[in-house]
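Working notes, structure below.
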């Protein structure tokens, strides 16, 4: 007896195969009109793929938002207890640590990463309602990425997003940029404060070894 697959099964099979098929095309053909036509033919199957998630956590939930070259990036924090002392300065300490342009191995982009809390606090303490944090982008230039509008960059998510979601985020990689971590860092700064106030816990991290260079144990102050 021959089993006829359901339409939903056929669609999901195409959604899985489409990126592989187009990946093979990329290996032998440049990003030309023929390749764009192949991408277009997969659009129907691709529309059934859900967008990537942006929310983390259960009791303490963090939803990040924004794009690298958009108006700004940030997060919405839900589940924060009320009456926790909180100001922009508490988050800014950690944001300053991740700010780009501070060494030769990071992005040369010059961003102040100055945060603003728009909701969830009153007179310097949390209210127990969602906390909205925004960090405006100030050094984004759209023309920086005009030359890659029709080319997928190696080691970036340009091709992945295009094949899976039908979105070509040319400017800065969109949600796949390292700037997406700004919201995570801001939320993490608040989480660290809650753990210290409620549980007496402190978070410490350091590099103990790089190749044959070892950090002496007595060089770390655990106090």
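Numbering (the numbering used here), first residue to last: 817 to 1039. Heads up, the beta-carbon is just placed ideally off N, CA and C, and yes, glycines get one too.
Residues of the same chain with a CB within less than 6 Å of the CB of residue 944, apart from the 5 flanking positions on each side, are 898 in chain order.
DSSP places residue 932 in the uninterrupted beta strand (DSSP E) bounded by 932–935. Following the DSSP letters along the chain, one finds residue 877 inside the beta strand (DSSP E) bounded by residues 877–882. Contact check for residue 895 and residue 876: beta-carbon distance about 5 Å, within the 8 Å limit, so the pair qualifies. In the DSSP assignment, no residue is bridged to residue 885. Using a Cβ-Cβ distance cut-off of 8 Å, the segment 902–921 and the segment 986–1004 are in contact, since at least three pairs of beta carbons, one from each stretch, lie closer than that value. Between residue 941 and residue 916, the C-beta gap is not smaller than 7 Å, which leaves the two residues out of contact. The three-state secondary structure of residue 872, taken from DSSP, is strand.
Its Cα nearest to that of residue 874, the residue 893 stands out among 1027, 893, 886, 884. Sorting 911, 1009, 994 by C-alpha distance to the C-alpha of residue 950 places 911 at the top.
Here residue 894 carries a strand assignment [DSSP, helix/strand/coil].
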